[in-house]
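**Student:** Below are the structure tokens for one structure; questions will follow.
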Amino acid sequence: MLPENVTTLLKSTRFVHLGTCHNNVPHLALMNYTYYRDGDSDVVIMSSPRSSTKMANIEANPEVALLIHDWISAKDNQPNNDGSSSRRNSLYEMLANINKNEISRVSVQIQGQAEILDPKDARFSLYKSLHLNNAKIDTIQAKNYIEDDNENALIVIKVDGCKVTDTMNNTEEYST
Numbered sequence: 084m085l086p087e088n089v090t091t092l093l094k095s096t097r098f099v100h101l102g103t104c105h106n107n108v109p110h111l112a113l114m115n116y117t118y119y120r121d122g123d124s125d126v127v128i129m130s131s132p133r134s135s136t137k138m139a140n141i142e143a144n145p146e147v148a149l150l151i152h153d154w155i156s157a158k159d160n161q162p163n164n165d166g167s168s169s170r171r172n173s174l175y176e177m178l179a180n181i182n183k184n185e186i187s188r189v190s191v192q193i194q195g196q197a198e199i200l201d202p203k204d205a206r207f208s209l210y211k212s213l214h215l216n217n218a219k220i221d222t223i224q225a226k227n228y229i230e231d232d233n234e235n236a237l238i239v240i241k242v243d244g245c246k247v248t249d250t251m252n253n254t255e256e257y258s259t
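So the sequence shown is numbered by the numbering used here: it starts at 84 and just counts up by one.
Right, dumping it as structure tokens:
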């Protein structure tokens, strides 16, 4: 069972990075996902075009890794069109600093086994319904990547364990 801070993060974010590998060639993809606790198992539900590299990799090697984090994305000040650098105002800086203090700043690597579900599988309807009704996935993404069972496949990843690392490089490992 995953720790609460990891399940809270999985329930609150929109994207996860999916890592697959085949013939020692790694592949990464940014994915919409749905987290679900199924009995004693933690699962991550995704969908993908059947013709994608990630699908070919999963068929050849079902061991996958997911990366999810809650770090703030920061960019350096970008130069304006006139070449000068824009400066953020003090209110923005204050709010950004408050925000930085409110998050836990962790990165979670999840290991698991991916399974491409057959539409005849008893779990298919439930998992597809959960994924389609995930409010974090917009309607265009759902239409393009979830609804069409002929073009897209439903992937379920059973979580085997995870490693949680914070910005101070403190690491904790969990197995399920």
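Yeah, the Cβ is synthetic: ideal placement off N, Cα and C, and Gly gets one too.
To test your reading of the DSSP string, which unbroken beta strand (DSSP E) runs of 3 or more residues are found completely within the stretch 189–226?
**Tutor:** 189–200
**Student:** Based on Cα-Cα distance, which residue from Glu-87, Ile-141 and Ile-240 lies nearest to Ile-193?
**Tutor:** Ile-240
**Student:** Kindly indicate the opening and closing residues of the alpha helix (DSSP H) around Glu-142.
**Tutor:** Residues 136–143.
**Student:** According to DSSP, which residues form a beta bridge with Ile-240?
**Tutor:** Val-127 and Ala-197
**Student:** Closest to Asp-153 by CA distance: which of Ala-205, Thr-248, Ala-112 and Lys-211 is it?
**Tutor:** Nearest option by C-alpha distance: Thr-248.
**Student:** Taking its Cβ as the centre, do 16 or more other Cβ atoms sit within 10 Å of Asp-123, making it buried, or is it exposed?
**Tutor:** exposed
**Student:** Report the three-state DSSP secondary structure of Glu-256 (helix, strand or coil).
**Tutor:** strand
**Student:** Where does the unbroken alpha helix (DSSP H) through Asn-88 begin, and where does it stop?
**Tutor:** 87–95
**Student:** Determine the closest residue to Leu-113 out of Leu-150, Arg-120 and His-100, with distance taken between C-alpha atoms.
**Tutor:** Of the candidates Leu-150, Arg-120 and His-100, His-100 places its Cα closest to the Cα of Leu-113.
**Student:** Give every residue of the same chain whose Cβ lies closer than 6 Å to the Cβ of Glu-256, excluding the five residues on either side of it in the sequence, and list them in chain order.
**Tutor:** Lys-246
**Student:** Per DSSP, which one or two residues make a beta bridge with Asp-121?
**Tutor:** Ser-124
**Student:** Around the C-beta of Asn-235, are 16 or more other C-beta atoms found within 10 angstroms, so that it is buried, or is it exposed?
**Tutor:** buried
**Student:** To the nearest angstrom, report how far apart Arg-206 and Arg-133 are at their CA atoms.
**Tutor:** Going by the C-alpha atoms only, they are around 19 Å apart.
**Student:** I'd like to know if Gly-102 contacts chain D, where contact means its C-beta is closer than 8 Å to some C-beta of that chain.
**Tutor:** Although the question refers to chain D, the structure presented lacks it and comprises just one protein chain.
**Student:** Based on Cα-Cα distance, which residue from Lys-219, Val-191 and Pro-109 lies nearest to Asn-253?
**Tutor:** Measuring from the Cα of Asn-253, the nearest candidate turns out to be Val-191.
**Student:** Please report the Cβ distance between Ser-130 and Leu-237, rounded to the nearest whole angstrom; I am assuming they are in contact, meaning their Cβ atoms lie under 8 Å.
**Tutor:** 5 Å
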